[in-house]
Amino acid sequence: MKKNLIYLILIVIIAVIAFVPGVKEKIQDTFFPIATIENAVHVSDEDYDIDLQGINVPSTNLKAFKDKAVFLNFWGTWCPPCRKEWPSIQKLYDTRKDHVDFVLIAMNDQEDAVRKFLKENNYNVPVYIAQSPISEKILPKAFPTTYLLDKDGRIIIKEDASRDWNTESVHQFIDNIIK
Numbered sequence: 001m002k003k004n005l006i007y008l009i010l011i012v013i014i015a016v017i018a019f020v021p022g023v024k025e026k027i028q029d030t031f032f033p034i035a036t037i038e039n040a041v042h043v044s045d046e047d048y049d050i051d052l053q054g055i056n057v058p059s060t061n062l063k064a065f066k067d068k069a070v071f072l073n074f075w076g077t078w079c080p081p082c083r084k085e086w087p088s089i090q091k092l093y094d095t096r097k098d099h100v101d102f103v104l105i106a107m108n109d110q111e112d113a114v115r116k117f118l119k120e121n122n123y124n125v126p127v128y129i130a131q132s133p134i135s136e137k138i139l140p141k142a143f144p145t146t147y148l149l150d151k152d153g154r155i156i157i158k159e160d161a162s163r164d165w166n167t168e169s170v171h172q173f174i175d176n177i178i179k
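Using the UniProt record's numbering, read the sequence shown as starting at 1 and increasing by one per residue.
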């Protein structure tokens, strides 16, 4: 009888983790760090060489963000998961823009569609469209893909799915990489 009760409790816990929204992410954030700095992949000087056409900011090259902490996001207006995570990116930008540079690169998108999306939603996070090839090391395989780079070009976080970026764990990562 006791054994059956223990099995039942375990099944309920597993079901809660699997099916209740947000529980799995909270457990992952708490117990399984996204990346460790010691094992981080570095973005090289060549990887940074991407000409960027500014949509709501001046045009630049990604090299201008070398030696800085960067929130680098690849997204598209055509991508529902990308659109879903935008409100949390905007909130993170509002609170951390003085600590980390934000570079959001619209992929496979028309400039007019990007401008319309930003205007309709009152988003002011810096958005660009790449005007030169993107290194295979950071070229996304899925959308959205987000990297959090430290000042040394190490990839501290790589997330190739939509997520809530305005969480305590992300704020802590940012606070730690700017020290």
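Cβ coordinates follow ideal geometry from the N, Cα and C atoms, glycine included. Note that the coordinates shown come from a computational prediction; the quantities given were computed from them, not determined experimentally.
Tell me whether residue i sits in a helix, a strand or coil according to DSSP, three-state version.
i, result
"residue 56", "coil"
"residue 2", "helix"
"residue 96", "helix"
"residue 20", "coil"
Classify residue i as buried or exposed, calling it buried when 16 or more other Cβ atoms lie within 10 Å of its own Cβ.
i, result
"residue 94", "exposed"
"residue 113", "exposed"
"residue 58", "exposed"
"residue 1", "exposed"
"residue 98", "exposed"
"residue 150", "buried"
"residue 102", "buried"
"residue 144", "buried"
"residue 14", "exposed"
"residue 100", "buried"
Assuming residue i and residue j are in contact, meaning their beta carbons sit under 8 Å apart, how far apart are those beta carbons, in whole angstroms?
i, j, result
"residue 137", "residue 43", "7 Å"
"residue 123", "residue 86", "6 Å"
"residue 52", "residue 161", "Not a contact, Cβ separation roughly 24 Å."
"residue 70", "residue 155", "Actually they do not touch by this definition, with Cβ atoms about 10 Å apart."
"residue 96", "residue 157", "Their Cβ separation, rounded to whole angstroms, is 13 Å, which puts residue 96 and residue 157 out of contact at 8 Å."
"residue 47", "residue 135", "4 Å"
"residue 73", "residue 104", "5 Å"
"residue 128", "residue 55", "6 Å"
Only counting runs of 4 or more residues, tell me where the alpha helix (DSSP H) segments fall wholly within the UniProt domain "Thioredoxin" (32-179), in order along the chain.
-> 45-48, 80-96, 111-121 and 168-177
Is the number of C-beta pairs between the stretch 105-112 and the stretch 158-177 that are closer than 8 Å three or more?
-> no
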